[in-house]
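Okay, so the sequence shown: first residue is 1 according to the UniProt record's numbering, each after it adds one. Below is one structure, written out as C-alpha cells, with a few remarks after it.
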Amino acid sequence: MSIWQQPSEAHTPWGGAPHCPAGSGADPTVRLSCKELITDIPERPDGNPLNFSIEPGQIWGVLGPNGAGKSTLLHTLAGLRKARHGSVKIAEVDIQRWRRKRLAQRLGVVFQERQDDFPATVLETALIGRHPFLPPLSMERGDDVSVARQALERLELDGLEQRLVSTLSGGERQRLTIATVLTQNPRLWLADEPTNHLDLRHQVAVMALLAEQAASGCGVFLCLHDINLAARWCSHILLLYPDGRACWGETQSMLEKSALEQLYTQPLDSAWVNGTRVFAPVA
Ligand SMILES: Nc1ncnc2c1ncn2[C@@H]1O[C@H](COP(=O)(O)OP(=O)(O)OP(=O)(O)O)[C@@H](O)[C@H]1O
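In C-alpha cells, the structure reads:
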C-alpha cells in the first residue's frame, strides 16, 4: 500500500482495534501531563515551569532554536531524564514510577540520534517495536512479523526488509525509525524531529500518519524545526526560548509573527494559504 492510500480504519494495518477515538469518550489513560516542570539542562538557570497536558487526539509541536532544550524536554517527558523540578505523569502516575516495559507498551519515542552499532536488517529493526509485548526470553511470532511488515509497508520500506540498516539512505533510515515505533503501536508518541532527512512528500506522509494516530485517540508530542508543518498539523504549540521562557496554547493563538521572530531572532514574512498561516524567512 502506498503511504497515500490511507487505510480507512485507523490502526487496522496493525491488526488491533482502533484506540478509543478522540471526541467519542477519549481514553483518559493516554493523558500525559506535566506540572511545574523544569527540565534539567546543566549549567542553565531554571526556566518557566511548564504546566500542560497532552490529551488524546492532540498533536503538540515544540518550536525553538538550536539548543533551546526541545530534546531535553522530550526526554524528560519520556522519563529518560530526571526533571530538576516538578512532575511528569502518564494516566496520573508519575513517569518515574512506571515499569519501563509497561511504559514501552504505551509510549513510543522517535529519537533524533540513531544507534546503528549492531548489524541488523530492516525487518529485524522494525521488530524491536514488538519487544515490549514479548514474554521474557521469547522470540517474535508470526503476528509480530506481520505487524512489523505492515508498518514497513506503510512507510514504503516493504522492498527493503532484508537490507542491512547500515546501507539505507538518511530518509529511509528515518522512515524505519518511525516504522519501528508504528510497530510498537503506542498510545503516546514523542517524536524528535520526525521529518528529519525526509523529502517533501514523505514529510507530509509522516505528518499525515501522526495526525491519523491522533485522530484515533493517541497523544502526540513533536519537536519540530518547520513552522509551516507545525502550523498545518499541530493542534497545540509550545514555544521554547533559549533563556528558559516558554509559552504554549492552541496553534491558532501561538503562531504570531512577532513571537516567532523573537524565538528565532530572524525576521519573517507571513501569508495565508488555504486557511493556514505560513511563514518564510526574510532574506
Ligand atoms: N549532558 C549535557 N551536558 C551539558 N550540556 C548539555 C547536556 N545535554 C544537553 N546539553 C545542552 O542543553 C541544551 C539543550 O539541548 P537540547 O538537545 O535539548 O536542545 P534542542 O532544542 O533539542 O536543540 P536542537 O534544535 O539543536 O536539536 C544545549 O545547549 C545542549 O548543549
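No residue lacks a Cβ here, since even glycine has one placed at the ideal position from N, Cα and C.
Range covered by the alpha helix (DSSP H) that runs through residue i
{"i": "residue 286", "result": "Coverage of the chain is limited to positions 1 through 283, which leaves residue 286 absent and any answer about it impossible."}
{"i": "D143", "result": "142 to 154"}
{"i": "G170", "result": "170 to 184"}
Rounded C-alpha distance that separates residue i from residue j
{"i": "D226", "j": "E261", "result": "14 Å"}
{"i": "V147", "j": "T251", "result": "33 Å"}
{"i": "A68", "j": "D199", "result": "25 Å"}
{"i": "A126", "j": "L77", "result": "23 Å"}
{"i": "S166", "j": "L74", "result": "26 Å"}
{"i": "A215", "j": "I59", "result": "9 Å"}
Secondary structure of residue i, DSSP reduced to three states
{"i": "N274", "result": "coil"}
{"i": "V88", "result": "strand"}
{"i": "K101", "result": "helix"}
{"i": "K35", "result": "strand"}
{"i": "E124", "result": "helix"}
{"i": "F111", "result": "coil"}
{"i": "A280", "result": "strand"}
{"i": "residue 369", "result": "Because residue 369 is not part of the residues shown, which for the chain are 1 to 283, the question remains open."}
Where residue i falls, given that 16 or more other Cβ within 10 Å makes a residue buried
{"i": "T183", "result": "buried"}
{"i": "W272", "result": "exposed"}
{"i": "E43", "result": "exposed"}
{"i": "P194", "result": "buried"}
{"i": "residue 284", "result": "An answer regarding residue 284 cannot be provided, because it is not within the stretch 1 to 283 covered by the chain."}
{"i": "A22", "result": "Its pLDDT being 41, under 50, A22 is placed unreliably in this model, and the coordinates cannot settle the point."}
Range covered by the beta strand (DSSP E) that runs through residue i
{"i": "S53", "result": "50 to 54"}
{"i": "I59", "result": "59 to 63"}
{"i": "A191", "result": "188 to 192"}
{"i": "A246", "result": "246 to 250"}
Next item on the list: Go through the residues and name those whose CB comes closer than 5 Å to any heavy atom of ligand 1, in chain order.
Entry: I41, P42, N66, G67, A68, G69, K70, S71, T72
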